[in-house]
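In our numbering, the protein residues as written are 1 to 174.
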């Protein structure tokens with residue numbers, strides 16, 4: 001009797017856990033597209049390609065030479081004008097990371113991040129020693145501002161749908 005009960009429990013456990021989903025880790029640099037919609041891989045690939053193209057352009061090189069230093073860029077608003085939800089903040093962060101990692105330009109942080117830094121600096125004036133507190137007026141200003149928009153075009157033919165995402169970025173001298 002005990003053997004039958006034990007076998008029943010074992011069978012039930014196998015039945016329950018045999019159908020469990022398996023979880024596996026995936027290389028973050030591997031492109032995975034399950035839905036055909038804009039995703040993190042798209043943000044990473046497009047931002048890297050656009051920033052590489054921008055920073056290697058003759059115009060950018062001329063500008064760097066004219067100001068005789070590495071330009072500082074701040075990334076402004078990038079509007080999502082597509083019909084679907086795209087996390088524009090994530091896309092902006094990918095663009096900022098591409099600029100930072102390029103070595104061809106300095107990155108000036110966004111206004112919300114700078115506000116947090118200023119708050120910390122103000123608190124240091126009250127709570128840190130004078131030798132270790134950060135000084136006021138040491139922030140780097142931006143020479144250039146990058147802003148733009150994301151749009152999409154949908155093409156349908158024979159019940160097949162293709163969505164073409166278009167990112168347009170503008171770099172402006174401040």
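Beta carbons: idealized from backbone N, C-alpha and C, even for Gly. Quick caveat: nothing in here was measured; it's all calculated off a predicted structure.
Q.
Excluding the 5 residues flanking residue 70 on each side, which residues of the same chain have their C-beta closer than 8 Å to its C-beta?
A. Excluding residues within five positions, the ones whose Cβ falls inside 8 Å are 64, 104, 105, 106.
Q.
Count Cβ pairs between the region 80-100 and the region 46-63 that sit closer than 8 Å; are there 3 or more?
A. By the Cβ criterion, the region 80-100 is in contact with the region 46-63, since at least three pairs of Cβ atoms, one from each stretch, lie closer than 8 Å.
Q. So, helix, strand or coil for residue 53, using DSSP?
A. helix
Q: Output the distance between the C-alpha atoms of residue 43 and residue 134, rounded to the nearest integer angstrom.
A: 34 Å
Q. Taking Cβ to Cβ, would you say residue 102 is nearer than 8 Å to residue 51?
A. The answer is yes: Cβ separation under 8 Å.
Q.
For the region 75-93 against the region 121-133, do three or more pairs of beta-carbon atoms, one drawn from each stretch, fall closer than 8 Å, so that the two count as touching?
A. no
Q | Under the three-state DSSP convention, the category residue 149 falls into | A | Of the three classes helix, strand and coil, the one that applies to residue 149 here is strand, per DSSP.
Q) Closest by CA to residue 175, which one among 37, 109, 139, 68? A) Because residue 175 is not part of the residues shown, which for the chain are 1 to 174, the question remains open.
**Q.** Nearest residue (CA-CA) to residue 154, options 164, 168, 147
**A.** 164
(Q) Helix, strand or coil, according to DSSP, for residue 79 in the structure here? (A) DSSP places residue 79 in strand when its eight states are reduced to three.
Q: May I have a chain-ordered list of the alpha helix (DSSP H) segments no shorter than 4 residues that lie completely inside the region 90-173?
A: Taken in chain order, the unbroken stretches of alpha helix (DSSP H) that lie wholly in the region 90-173 and span 4 residues or more are 111-127.
Q.
I need the DSSP call for residue 86, collapsed to helix, strand or coil.
A. coil
Q | Best match in 114, 158, 156 for proximity to residue 139 [C-alpha to C-alpha] | A | 114
Q: Identify, in the order they occur along the chain, each residue of the same chain with its Cβ nearer than 6 Å to the Cβ of residue 74, setting aside the five sequence neighbours on each side.
A: 108, 142, 145
Q) Should residue 94 be labelled buried (16 or more other beta-carbon atoms within 10 Å of its own) or exposed? A) buried
**Q.** Reference residue 168, options 123, 117, 161, 76, closest by Cα
**A.** 76
Q.
On the criterion of 16 or more Cβ atoms from any shown chain inside 10 Å, does residue 92 qualify as buried, or is it exposed?
A. With 16 or more other Cβ atoms within 10 Å, it is buried.
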